[in-house]
Amino acid sequence: MANKAIALLLADADTLSTYSGSSESSGWSDVSSIRSEFSEDDNDEDRLFFPLMHYIIRLRRKRVDDYLHIVESWTEVEFKNRLGLSRKLAYRLIDDLEKSGCIANHKFGLKPLEPRLCFYIFLSFIANTEPLTPIATKFDISISSTFRVIRRVVAWLLTKMNEAIKWPQDISDVRTICDSFHGKTGISNLLGIIDCTHVKIEKPKNAREYCNTKGYFSIILQATIDANLQFTNIYCGEPGSTSCTRVLKKSPIYHTATQNQSALFPHNSFLIGHSGYPSLSWLVPPFRENKRLTLHQREFNICHAAARKLSDKAFNLLKSRFRRIKLFTVYRNIAFITDTIVAACILHNYCLNEND
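Numbered by the numbering used here, the letters in the sequence shown go through residues 0 to 355 in order.
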């Protein structure tokens, strides 16, 4: 009888004791229903297991409350180092998440996971490279529930993309960015830097397509960056073997600029990119090094190279803040990986807007 009770305890532990589970009274009713399955001839010692089961149920429900209390007790520096962004910004986004309705407010009569918990689960995932198991253990929910929460928060962040990642909307915005670039790089009419970075992934099914020139499997993130390291446009998801030029020509920004250049690049503004990019009326790579370059062209190349370091700095900041973007282990769903990268870019801009 004792062994049977323990087996039931292990089998039903998630159902009875997740943070999203029922109240204490409903926990007792679950235990009572289990008790009713046994005959009245049970030994007295067997009945000790039911209070033990109830105690463990209450203990596991308390664990997640304790961990949330630990998170709230972190200093500002600890909070940012462990979750990637400031507590102030996290609270604001949690409020937005709660108002969005993306997190269910019911769960078939059971208490749902609150938005605060869901957002902390997502931040724990994206700010670190640890697998889902320790994250699920910390928050005391199943691995499947953890992954489901992460996908919901990612989907919600994608709805905020147009708000967070914006191309300069009017002439004043264009002039502000160009002036900022001129002050930092000495290049006039510079509206942004375009560049690509590779996000390392596990070997996918069509491995050859995703193997890049450095010999590992990756997804490409193309971004344009302003003088403050914010992303003004992103395009993500192309396989790692794709060249930067091919990625550019597949991206929406290329098609829009080709059809209506003045809409994106007014007053002769332009982007700069490394030597792998084509020379276009709105995209300027460095002059190819040869003995016939003029002094002015050589000086421009020096300024060009210094300006491109800003894109490296932006990508490094993205990957150091959200370490999951350095490497996606285990996960082989390309759509999920791509969406998560975009969500990280959105959070990157939110952080910079908050001077974080």
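Ideal Cβ positions, reconstructed from N, Cα and C, are used throughout, including at glycine.
Backbone CA spacing between residue i and residue j [nearest angstrom]
i	j	result
K308	G272	11 Å
G83	L326	16 Å
I93	E77	19 Å
K318	I233	15 Å
C302	D95	42 Å
E208	D65	46 Å
I297	L279	Note that residue 297 corresponds to Arg in the displayed sequence, not to Ile. Computed Cα separation, rounded: 19 Å.
I324	A154	17 Å
K87	K79	10 Å
R91	P167	24 Å
T339	R322	12 Å
L210	R147	Leu is not the amino acid found at residue 210; the sequence shown has Cys there. In a straight line, the C-alpha of C210 is about 29 Å away from that of R147.
Y253	A334	22 Å
E71	S85	12 Å
E97	R320	24 Å
I164	S240	26 Å
K204	I140	30 Å
V198	P265	33 Å
D169	K290	41 Å
T328	P130	8 Å
T145	D355	27 Å
H68	R81	15 Å
A262	L316	30 Å
C177	S171	10 Å
T74	A222	33 Å
P251	V173	20 Å
T128	L294	47 Å
T136	K213	36 Å
Range covered by the alpha helix (DSSP H) that runs through residue i
i	result
E75	75-82
K248	243-249
V341	333-352
A222	Where A222 is concerned, there is no enclosing alpha helix (DSSP H), although the beta strand (DSSP E) it sits in stretches over 217-224.
R86	86-99
R276	The residue you asked about is not Arg; residue 276 is Tyr in the sequence shown. Neither: Y276 is in no alpha helix (DSSP H) and is coded neither H nor E.
G182	170-184
I134	131-138
I324	Neither: I324 is in no alpha helix (DSSP H) and is coded neither H nor E.
W155	142-157
P114	114-125
L292	Neither: L292 is in no alpha helix (DSSP H) and is coded neither H nor E.
E162	160-163
R207	206-209
Of the listed residues the options, nearest to residue i (C-alpha basis)
i	options	result
A343	N205, P114, F286, F121	F121
Q258	R147, T337, W281, I140	W281
K312	K199, V283, N332, I224	I224
L270	Q260, R291, A226, L189	L189
L228	L292, T145, N348, L326	N348
F230	K98, P251, S85, L346	L346
S179	A306, L294, E71	A306
A358	E129, E288, L156	This structure gives no information on residue 358, because the portion of the chain shown stretches from 0 to 355.
T175	R320, S268, K213	S268
S123	P114, E113, I134	I134
L220	T128, A256, T196	T196
S99	R81, T212, F314, T158	T158
N332	S274, E113, I218	I218
I149	I125, G214, K213	I125
Own chain partners of residue i with C-beta closer than 6 Å, once the 5 adjacent residues on each side are dropped
i	result
K202	F216
F286	L292, Q296, N300
E353	L88
V341	C235
H181	S187
R115	I93
I256	It should be noted that the sequence gives Ala, not Ile, for residue 256. Only L263, W281 meet the Cβ criterion.
Cβ neighbours of residue i in the same chain (closer than 8 Å, five flanking residues each side left out)
i	result
Y276	I193, C243, T244, L247, L282, P284
R151	C101, I102, C117
Y330	I200, E201, I336
A304	P285
E162	none
L351	N227, L228, Q229
Q260	S280, W281
E288	N300
M160	V341, I345
A206	F216
Neighbourhood of residue i by C-beta distance below 7 Å, restricted to the same chain and skipping five residues each side
i	result
T132	I142
S310	I192, D194, I224
K249	E237
T184	C302, A305, A306
Extent of the continuous beta strand (DSSP E) run through residue i
i	result
P238	230-238
H197	189-200
F269	269-271
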